[in-house]
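Accompanying notes for the structure given below.
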Amino acid sequence: MSAIIAGTTCSTTTFAQDAAEAGPAADIVVTGTRIKRADLESNSPQTVVSADEFKYQGATTVDQVLNRLPQFTADANENVSNGSDGTAKINLRNLGSNRVLVLVDGQRLMPSQAVNTNFIPSSLVERVDVMSGGASAVYGSDALSGVVNFVLKKDLDGVRIDAQTSFAQHTNNNSSIRDLVSAQGYDLAPKSVADGGKQDITISAGKNFAEGRGNITVYGGYRHVDPVKQSSRDYSSCALNQLDDAGTALYCGGSSNTPYGSFVPLSDKSAYQGQTLINNRDGTQTFVPYDNSYAYNYAPDSYIQRSDERINLGGFAHFDISSAAQVYGSFMYMRDHTFSQVAPSAIFLGEAFPISCNNPLASASQLQAICGADAGTATTADSLVGYRMSIAPRRDDLKYNDYRYSAGVKGDLGSGFSYDVNYNYSLVRFDETYLNNVDSVKAARALNVVNVNGVPTCQSVIDGTDPNCIPVNVFSAGGVTAEQGQYLFSPSHTSSRNSLRVFSGSLSGDLGKLGVTLPWASHGVGIALGAEQRRETLNYFADEVAQQGGATNSDGIISVAEAYGEIEVPLIEDKPFFRSLTINGGLRYSSYDNKQESTGIKSGYNVWTYKGELSWQPIDDLRIRASYNHAIRAPNVGELFASQSVGNVAAQDPCAGASPSASLEACEITGVTAAQYGKIPECPADTCSALGGGNIALKPETADTYTVGFVLTPKALRRFSLSVDYYTIKVKDYITAIPPSLSISQCATTGDPYFCSLFHRDPRSGALFGTNAGYVVSTTMNTGYLQTSGIDVTGDYTFNVGNAGSVNVNMVGTWLAQQKSQPISGLGTYDCKGLYGYTCGQPNPEWRHVARMTWIAPSETAVSLSWRYIGGTKLSSLSDNPFLAGTPSEVNRKIDAYNYFDLSLTQPIGKQFTLRAGVNNMFDKDPPAIAAGILSAFGNGNTYPGVYDSLGRTIFVGFTANF
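Right, here's the structure in full:
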């Protein structure tokens with residue numbers, strides 16, 4: 001077992017960073033440079049993940065492996081259901097998944113706005129190169145936080161079968177949460193569960209031909225993932241809310257959209273204007289004030305692991321016509337079908353509906369509460385209505401059909417020069433159907449009911465606008481029948497087509513073969529020149545029902561023409577204190593043209609990116625390296641042209657409720673009137689609304705990255721290496737949406753007109769939720785800056801243990817110095833180091849590491865123990881920084897440090913068969929239980945399932961067979 005590291009081989013290493021010595025090798029291209037040379041080493045910090053790590057973890061997805069590395073923060077993944085787009089993404093340095101460039105064999109994986117690492121078959125990964133820091137001078141846009149390059153196995157000669165199955169086993173014994181669930185009368189999670197099964201099989205076959213000058217390798221794979229409901233785990237079995245404003249405890253709360261039926265009268269003739277009323281649970285058709293005892297537990301039906309079924313297939317081929325011309329090509333395809341599932345739909349509080357003041361389904365007292373003096377007349381009165389349909393959970397049917405193919409020719413031109421001309425195309429076809437969801441247009445019709453000869457009848461039946469309308473009885477607890485509910489349901493359909501087309505050509509030369517060598521160096525100057533033309537497109541379609549929810553059709557095209565050059569200059573070699581001293585520089589020019597054909601809108605800009613690197617090896621045992629990169633990220637098609645729509649966000653309105661936490665003066669700045677103050681309904685289940693979408697006025701982000709570090713490989717301690725690297729990355733004018741929780745807290749506490757201007761309150765109720773009624777503006781824009789810095793530490797040591805074989809110990813750790821943001825230029829900053837929640841989002845621990853010890857017996861049996869450590873974090877709203885001010889919490893004031901231990905075994909059986917088995921999270925540690933209102937992006941089921949193990953202990957067994 002070995003890991004290939006920047007052109008070198010380091011025995012038994014799983015996680016590793018640049019080794020220092022190389023034996024004879026063919027010319028290679030290291031991730032992070034276009035220059036080819038046999039002994040080339042990276043001048044930027046790189047972590048390399050070998051194929052062994054995938055086996056040790058029993059991983060079926062590549063994001064699962066990378067998210068364990070301390071350089072990564074979880075992003076979209078299989079454990080996020082509500083709001084998921086069905087993809088898996090990777091987030092390097094917690095700067096966002098859109099700021100890491102993802103490559104396959106050195107070429108772009110997919111359109112930047114549609115990257116999905118589910119496309120990568122994990123069993124075909126030979127290694128993963130993770131390069132930290134900007135690389136736009138080498139690769140173009142998107143490489144602000146770094147580059148992740150998946151190198152695949154492409155030269156098989158024979159048949160290879162790789163198969164694996166796994167499941168989760170968990171004991172539910174969290175007594176404190178079980179007490180909360182019991183106190184609310186909700187169903188407890190089972191004491192013990194075994195679920196979440198995953199099966200994965202890949203069959204690949206290859207053949208060398210023409211005396212080894214050519215090879216064709218093909219593969220096909222299938223993966224199946226069973227869904228897991230939140231009802232199966234203690235921490236997620238109910239919706240956790242804070243008991244009081246101070247957050248002294250949690251309780252099993254939920255949503256005010258219940259099967260009992262909630263109302264917020266809006267008529268100024270109502271004595272209950274702005275108050276939340278609910279049908280009495282005793283069935284008497286009387287209203288009572290809403291309280292938490294009526295809350296609906298929306299958690300159980302939601303997935304904590306989505307169902308998924310993936311089929312992928314593809315092939316790679318190359319043929320050497322001569323040393324000057326090798327033709328090559330590849331084809332990759334994925335069909336991925338996943339369902340996300342959440343609680344049953346509702347007529348949601350948020351949209352004002354006209355209620356007939358003589359509605360025959362309502363009692364006289366109910367009509368009096370809604371209509372006041374108009375009760376019993378033929379007029380209508382507006383009211384917010386909330387009614388949960390206990391018929392079937394909402395299901396989001398997400399389908400991807402993704403294609404990627406490339407073709408090219410490369411070869412040796414002689415005199416140290418080589419070339420590569422390539423065409424790369426990828427297409428992402430996405431289709432979504434949202435099922436079992438209430439159609440707000442139908443709801444409005446079904447609520448406007450009058451008496452016709454003693455029969456409750458929709459007004460739309462009378463006037464002919466909807467002859468099929470069925471009145472719904474929301475005026476009695478449990479009054480909506482299955483037939484009424486089914487009438488309200490309308491599936492919505494959306495789809496998108498994203499494409500990427502790249503023409504590229506490069507020329508690499510070793511000028512040393514032409515005599516271009518500095519006097520004190522033995523190696524010649526290396527150069528690389530190239531040009532590239534990229535075109536990315538987006539087409540998004542929404543049907544009528546989806547458009548009622550705020551979605552709109554959109555399209556866009558980005559075209560970019562680029563030229564670049566890179567030079568590597570060995571200055572001094574084989575001199576005292578200068579075993580080598582090398583500098584590297586790169587420069588790229590990019591010209592962008594953006595347009596939207598449906599509107600004729602256009603924009604464009606020209607940008608330069610560049611880099612400089614230094615490598616100094618004073619002695620054989622030590623190499624010191626430093627680099628500077630000026631990188632850019634152009635706004636992608638989605639950020640420029642995506643349709644704007646209103647969606648749910650975790651937030652709380654300080655101006656809502658009978659006793660708002662914000663003053664009248666502060667609330668008036670957000671659009672609240674004096675008459676509304678104290679009568680505004682609270683966001684249901686701590687979920688407000690935000691307007692998101694694209695912005696054609698966006699300009700590119702820029703980033704400056706500095707790294708400095710050393711690699712130590714002492715000859716006195718064979719097979720030992722240590723690397724320590726400091727990094728700092730500052731992204732200016734970064735493209736993002738201002739977090740709604742930040743806008744809300746800043747407006748409420750400071751009255752800043754900028755943040756307060758982002759509020760769009762429902763003009764009738766003043767609420768910050770509802771379908772296009774009330775929301776906080778959170779569209780993309782160029783904002784202030786992001787800055788992160790820290791130190792990466794990587795150690796690796798292999799030693800013999802006599803006749804018992806050898807032991808390898810390796811560790812990758814990251815100390816976070818800062819995770820700083822300036823949301824608006826000139827308006828202050830905040831640092832999320834060591835914090836989580838609200839504005840800071842997922843935990844940002846000061847220290848994370850993953851360490852592994854592997855014993856390899858003479859029989860090649862390998863037993864491996866991994867220790868994953870995630871440092872503790874504190875709640876961001878408890879910080880004294882005014883930008884992080886917000887709702888406090890005593891019970892969730894911090895998340896303690898987490899230690900996970902994983903054990904695996906691999907056992908060769910003969911020369912053709914290898915068995916593997918293991919258990920992750922051996923001690924079945926629960927994830928932290930966090931109030932739903934604290935969670936932000938990628939929070940799900942009262943926790944952060946991408947950061948912490950959400951299902952408990954997982955057990956896997958698999959094999960690899962070669963024939």
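Numbering (this note's numbering), first residue to last: 1 to 963. Note that CB positions come from ideal geometry on N, CA and C, so glycine has one too.
| Asked | Found |
| --- | --- |
| Can you say whether Ser175 is buried or exposed, counting buried as having 16 or more other CB atoms within 10 angstroms of its CB? | exposed |
| Can we say the region 105-124 touches the region 629-643, given the rule of at least three CB pairs closer than 8 angstroms? | yes |
| Could you give the C-beta distance for Ile203 and Val148, rounded to a whole number, given that I count them as a contact under 8 angstroms? | Not a contact, Cβ separation roughly 26 angstroms. |
| Suppose only complete runs of 3+ residues qualify. What are the beta strand (DSSP E) ranges in the region 591-659, listed by chain order? | 601-619, 622-633, 645-650 |
| Residues in the same chain with beta-carbon distance under 6 angstroms from Ile311, minus the five sequence neighbours each way, listed in chain order, please. | Tyr222, Arg335 |
| Tell me the start and end of each unbroken alpha helix (DSSP H) in the region 207-286 that is at least 4 residues and wholly inside, in chain order. | none |
| By the three-class DSSP mapping on this structure, what secondary structure does Asn173 have? | coil |
| Return yes when the Cβ of Ser889 is within less than 8 angstroms of the Cβ of Cys840, no when it is not. | no |
| Tell me whether Asp52 sits in a helix, a strand or coil according to DSSP, three-state version. | helix |
| Could you check if Ala26 is buried or exposed, using at least 16 other CB atoms within 10 Å of its CB as the buried criterion? | Interpretation of Ala26 is limited by its pLDDT of 49, a score under 50 that renders its predicted location unreliable; no figure is taken from the coordinates. |
| Assuming Pro570 is part of the beta strand (DSSP E), what are its boundary residues? | 554-575 |
| How long is the line joining the alpha carbons of Ala74 and Glu568, rounded to whole angstroms? | 36 angstroms |
| Could you pull the start and end residues of the beta strand (DSSP E) that Leu722 belongs to? | 720-732 |
| Rank Tyr592, Phe475, Ala561 by C-alpha distance to the C-alpha of Ser383 and give the top, closest one. | Phe475 |
| Just to confirm the assignment: which complete alpha helix (DSSP H) runs, minimum length 4, are found wholly within the region 344-425? | 364-371 |
| Can you confirm whether the region 620-627 touches the region 696-711 when touching is taken to mean that 3 or more C-beta pairs between the two stretches lie within less than 8 angstroms? | yes |
| Taking its Cβ as the centre, do 16 or more other Cβ atoms sit within 10 Å of Trp967, making it buried, or is it exposed? | The question about residue 967 has no answer, for the chain in this structure spans 1 to 963. |
| For the region 455-479, which segments carrying the alpha helix (DSSP H) assignment without a break, of at least 4 residues, lie completely within its bounds, in sequence order? | 459-463 |
| Can you find a CB in chain D that lies within less than 8 angstroms of the CB of Phe799? | The displayed structure is made up of one protein chain only, and chain D is not part of it. |
| Is it buried or exposed for Thr465, if we count other Cβ within 10 angstroms and need 16 for buried? | exposed |
| For Gly23, count neighbouring C-beta atoms within 10 Å of its own C-beta (all shown protein chains included) and say buried if the count is 16 or more, exposed if not. | With a pLDDT of only 36 at Gly23, under 50, the local geometry of the prediction cannot be trusted, and the value read off the model is given with reservation. When all chains shown are included, Gly23 counts as exposed. |
| Which residues share a DSSP beta bridge with Gln46? | Met131 |
| State the DSSP-derived secondary structure class of Asn292, mapped to helix, strand or coil. | helix |
| Could you compute how far the alpha carbon of Lys460 sits from the alpha carbon of Leu447? | Note that residue 460 corresponds to Ser in the displayed sequence, not to Lys. Their Cα atoms are separated by approximately 10 angstroms. |
| Give me the Cα-Cα distance between Tyr605 and Val480, rounded to the nearest whole angstrom. | 57 angstroms |
| Between which two residues does the beta strand (DSSP E) holding Pro945 run? | Careful: Pro945 lies outside any beta strand (DSSP E) and carries neither H nor E. |
| Does the beta-carbon distance from Ser390 to Pro354 come in below 8 angstroms? | no |
| Three or more C-beta pairs closer than 8 angstroms, one from the region 228-248 and one from the region 293-306: is that the case here? | yes |
| Let me know if Val812 comes out buried or exposed under the rule of 16 or more other beta-carbons within 10 Å of its beta-carbon. | buried |
| Given Ala857, which residues of its chain have a CB within under 6 angstroms of its CB, disregarding the five upstream and five downstream residues? | Gly805 |
| Here's the rule I'm using: 16 or more other beta-carbon atoms within 10 Å means buried, otherwise exposed. How should Arg718 be labelled? | exposed |
| With distances taken between CB atoms, is the gap from Asp129 to Thr31 smaller than 8 angstroms? | yes |
| Since Tyr139 sits in a beta bridge, which residues does DSSP pair it with? | Partner(s): none; Tyr139 has no beta bridge. |
| How big is the Cα-Cα spacing for Gln822 and Pro700? | 17 angstroms |
| Determine the direct distance from the alpha carbon of Gly647 to that of Ala737, and round the result to whole angstroms. | 13 angstroms |
| Determine the closest residue to Ser554 out of Thr494, Thr960, Ile572, with distance taken between C-alpha atoms. | Thr494 |
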